[in-house]
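Below is one structure, written out as structure tokens; the observations come after it.
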Amino acid sequence: MTDPNLTLVLATSGLAAVAMVTAAMLAGWRGWLALKRQELARVESGEAPSFGHAGTRIELADLKERIRKLEAIAAGVDL
-15 MTDPNLTLVL
-5 ATSGLAAVAM
5 VTAAMLAGWR
15 GWLALKRQEL
25 ARVESGEAPS
35 FGHAGTRIEL
45 ADLKERIRKL
55 EAIAAGVDL
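Shown next, in the form of structure tokens:
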């Protein structure tokens, strides 16, 4: 009932899928490591972190304010 060719095709397909996923994850890992190396080089050189244009800084400040408010609510403090 089981065809040896079907088993071989399924096993080969599964192995190929695992290889593709592994290659994609390895490429992502290498990219992440490269990013972290660049960040570390910036810190070591004393360069200030860049947050881009003013809109990004405003959004970052807004997010910090929201986090502070949520932490106050979680602690039971009235604002």
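If you count by this note's numbering, then the sequence shown holds residues -15 to 63, one letter each, in order. Glycine residues also receive a C-beta, built at the ideal position from the N, C-alpha and C atoms.
Endpoints, alpha helix (DSSP H) assigned at E31 | Secondary structure note for E31: it is in no alpha helix (DSSP H), with a DSSP letter that is neither H nor E.
Straight-line gap, R14 to G60 (C-alpha atoms, nearest Å) | 44 Å
Quick one: grab the DSSP three-state call for V(-7).
-> helix
Simplified DSSP assignment, three categories, for G(-14) | Residue identity check: residue -14 is Thr in the sequence provided, not Gly. Reduced to three states, the DSSP call for T(-14) is coil.
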